[in-house]
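Colleague: Using the working numbering, the first residue of the sequence shown is number 1220, and each one after it goes up by one.
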Amino acid sequence: MPVQEGRNIKFDAGHPFAEYLRKVKSFNFYLDNFDISSEIPATLKRAKADLELQKIPNHNATDNAGHILSIGYKIYANHAAEKYESSQLVLLPPCYDLPPNEAIDIIVDVFRNSAKEAPPDWLTDVPLEGLDQILDSIDELNAKKAEVEAQILFQEKKKLEIATHLRLLFTRGTQLEDAVYNAFKLLGFDDIQRIREKAKEDWVFKFVNSTRYEYGILEIKGADSRTTRGQLTQCSKWADEYFEMNNEVSKPIFVVNQHRSEKYPESVDKRKEFDNKELEYAKMKNICILPTFVLFETVNAYLKGVGKSRAYLEKKLAESSGLLDRL
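1) How would you label Phe1253, buried or exposed, when you count the other beta carbons within 10 angstroms and need 16 or more for buried?
2) Relative to the C-alpha of Thr1511, which residue among Ile1472, Gly1526, Tyr1531, Ala1530 is closest?
3) Give the secondary structure of Leu1546 by DSSP, where H, G and I count as helix, E and B as strand, and everything else as coil.
4) Quick one: Cα of Ser1306 to Cα of Ala1337, how far?
5) Starting from the C-beta of Tyr1432, find all residues in its chain whose C-beta is less than 7 Å away, skip the five residues before and the five after it, and write them out in chain order.
6) Does Asp1251 come out as helix, strand or coil in the three-state DSSP assignment?
7) Considering only the beta carbon of each residue, do Leu1387 and Asn1476 sit closer than 8 Å?
8) Within the same chain, show all residues whose beta-carbon is closer than 6 Å to that of Gln1394, passing over the 5 residues directly before and after it, in chain order.
9) Quick test of the definition: if touching needs 3 or more C-beta pairs under 8 Å, does the region 1539-1546 touch the region 1505-1525?
10) Would you mind listing the alpha helix (DSSP H) stretches within the region 1494-1522 that are 4+ residues and don't spill past its ends, in chain order?
11) Buried or exposed: which applies to Ser1289, given that a residue is buried once 16 or more other Cβ atoms fall within 10 Å of its Cβ?
12) Taking the DSSP output, what are the residues bridged to Pro1471?
13) Let's test the definition: count the other Cβ atoms within 10 Å of the Cβ of Thr1343 and tell me whether it reaches 16, buried, or not, exposed.
14) Considering only DSSP beta bridges, list what Val1423 is partnered with.
15) From Lys1242 to Lys1293, what does the alpha carbon distance come to, in whole angstroms?
Printed below as a string of structure tokens:
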């Protein structure tokens, strides 16, 4: 490209490198009106990069004809919901009228002057009216802030603990098993545990207020529609195995979350729906069928301060054969 020499440079008021530009007495420029700010966006577009170029105000320098001699810009990158920006990049014309070291010193001085000088250590001993009171006030506010943040953290934890009980209404599998465990724990069954391997019954608790049963055996199932008869009969088989192991009678409790995706409480009738043969089998095998929405309502009553004692709940579970639609 043909190059032409110029001697009259114009720059924005407030240009951070104005002192340097004043030293540039002569310069070369391209006759095709070279503009770095138009070249870079074109390059980014060709590369299909998710990047954006923005000029920095008060960083321009031109000759009388408007040829760009100095410009500043930043590159912004958009990634998902985050936006990132580069450091500033400023292009300056070379200064042929000064030795290189002197020209570089002028540029470096711009950065030195922009940094605040650190105060000396002895300055902290100099009294300044009102400063101590302000510092004390800041300390007091920070102490209150720490206390409030701790309270918020505690309440957030409580919120999460309570919110887990909502999982009784819509989950299945391990999440439902954990929700049932947390509910029984809250209701006073501190000894609820898994005694055998995970492929067996889900949870077991010991009856402490009943002489009829040794253990309560919980089989927990969630279903998009209905649970199966095989799952119901399996609950009875676990109780039979405990009798064979311990020579003690245990109570099979079938905890079910049927129609789990349907809106509660409108779906209550579906959630407790079992056909007559299933109910007859449950009564014959002394199985207590406990829908998880009933357990949820019992937890909710407890949280309202009108909960039932463990002795009462044990009695209800022990005496129920078939569907238990209220605890």
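For each residue, glycine too, the CB sits at the ideal point set by N, CA and C.
Modeller: Here's the rundown:
1) As a first step, residue 1253 is located in the sequence shown; it is residue number 34 there, counting from the start. Summary for Phe1253: the model assigns pLDDT 47, below 50, so the residue's position carries little reliability; its value from the coordinates is reported in the next sentence. Its Cβ having fewer than 16 others within 10 Å, Phe1253 is exposed.
2) As a working mapping, residue 1511 is identified with position 292 in the sequence shown. Comparing Cα-Cα distances from Thr1511 to each of Ile1472, Gly1526, Tyr1531, Ala1530, the minimum goes to Ile1472.
3) Start at 1 with the first residue of the sequence shown, and residue 1546 comes out as number 327. Residue state, collapsed to three classes: coil.
4) Along the sequence shown, read from residue 1 onward, the residue named residue 1306 stands at position 87. Along the sequence shown, read from residue 1 onward, the residue named residue 1337 stands at position 118. Using only the alpha carbons, I get a separation of about 24 Å.
5) Stepping through the sequence shown from its first residue, residue 1432 is reached at position 213. Contacts found: Phe1426, Val1468, Ser1469, Lys1470, Ala1537.
6) Numbered from 1 along the sequence shown, position 32 holds the residue referred to as residue 1251. Confidence in Asp1251 is poor, its pLDDT being 45 and thus under 50, which makes the residue's placement unreliable; the coordinate value appears in the next sentence. In this structure, Asp1251 counts as coil in the three-state DSSP scheme.
7) Here residue 1387 refers to the residue found at position 168 when the sequence shown is read from its first residue. Here residue 1476 refers to the residue found at position 257 when the sequence shown is read from its first residue. Contact: yes.
8) What you label residue 1394 is simply residue 175 of the sequence shown in a count that begins at 1. Cβ within range, chain order: Arg1386.
9) yes
10) 1495-1503, 1511-1522
11) Counted from its first residue, the sequence shown places residue 1289 at position 70. Ser1289 should be labelled buried.
12) Counting from one through the sequence shown, the residue named residue 1471 turns up at place 252. BP columns for Pro1471 point to Ile1436.
13) Here residue 1343 refers to the residue found at position 124 of the sequence shown. Thr1343 comes out exposed.
14) Taking the first residue of the sequence shown as 1, we reach residue 1423 at position 204. For Val1423, which the question treats as bridged, DSSP gives the partners Gln1412, Ile1436.
15) The residue labelled residue 1242 in the question sits at position 23 within the sequence shown. The residue labelled residue 1293 in the question sits at position 74 within the sequence shown. Distance between the alpha carbons of Lys1242 and Lys1293 is about 26 Å.
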